[in-house]
Structures are given as structure tokens and as C-alpha cells.
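A.B. asks: Below is one structure. I have some questions about it.
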């Protein structure tokens, strides 16, 4: 039993040391609508905010990733666009007071339509149309 405890403690110590060996490139977790994404801590270098317009770039700052406006409380407001790494427009969503409110359209990376619908303060409403990669439509009412 003592050996098992020692093995566990040694594994824990090695794992703890290993986590500190990341050459200063720490990561932070950003909560998105769909998932948690690990991002470099210096992510702020990829974001510009001027006159209420938010622009986030892909690493290298050559291509815009997100673009939209912020209200006085720095919440999303109006039209927000997500771009793929090659500059293709992959989603447009309207916001009000930081919540999805109005029309949304999302495309697959291939450019084909993925889904279209409406939000009312972050809640799906009305008829939503979903499409598989081949273009087959499914309709769901909320």
C-alpha cells in the first residue's frame, strides 16, 4: 500500500513539473457558444477595438477572424461576422445587448449553407433550416 501511495505521489509530482515547462507560452480558456478553446495568453495582440468596432485576427494578423461592434457596455451589438482562415465569410449573426437577437446564417468551411434561423435574446425562435454537407434540408420549429 505504501508503494502505491509513493507511485501516485511521484506521478503527481512529475505531472505538476511537466505543466510548468511550457516555455512561457501559457494558455487560457475562452468560453465560446459552442466549446472551450485553448488560446495563447497573448491573444490580446490579435484584437483591436476602435470606435466600438471589434476586430480579431488569426495569428499572424493577416486575416480577420471576427468583426463586429460593441455597445457602451462592451457587449456585442449589431452585425457580427466570422471569417474562415482564407477570408471566406462563414457566419453572420445579429446581436443586441450582448445576446444573439435577429437573423443568423452559418456556413460550412466548404461555403455550403449549414443553418439559417432567428434568435430572440439568445433563444431560437420560428423556423430554422439546417443543411447537411450535401445540401439536404431539415426544418425545425422553435
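Numbering (the working numbering), first residue to last: 198 to 339. Even glycine gets a Cβ: it sits at the ideal position worked out from N, Cα and C.
(1) Would DSSP call residue 329 helix, strand or coil?
(2) Give a yes or no on whether 7 Å exceeds the smallest Cβ distance from residue 252 to chain B.
(3) So who's on the other strand from residue 250, going by DSSP bridges?
(4) Per DSSP, which residues does residue 291 bridge with? Please list them.
(5) Using 7 Å as the threshold, is the C-beta distance between residue 281 and residue 291 below it?
(6) Between residue 327 and residue 278, what straight-line distance do the alpha-carbon atoms span, to the nearest angstrom?
(7) Using the three-state DSSP reduction, which class does residue 321 fall into: helix, strand or coil?
(8) With the cut-off set at 7 Å, would you say residue 294 and residue 272 are in Cβ contact?
C.D. replies: According to the structure data:
(1) Collapsing the DSSP output to three states places residue 329 in coil.
(2) Of the protein chains in this structure there is only one, and it is not chain B.
(3) Paired residue(s): 247 and 266.
(4) Looking at the DSSP assignment, residue 291 forms a beta bridge with 276.
(5) For residue 281 and residue 291, no; Cβs fall outside 7 Å.
(6) If you draw a straight line from the Cα of residue 327 to the Cα of residue 278, it comes to about 19 Å.
(7) Here DSSP, grouped into helix, strand and coil, assigns residue 321 to strand.
(8) Cβ distance < 7 Å, so residue 294 and residue 272 count as in contact.
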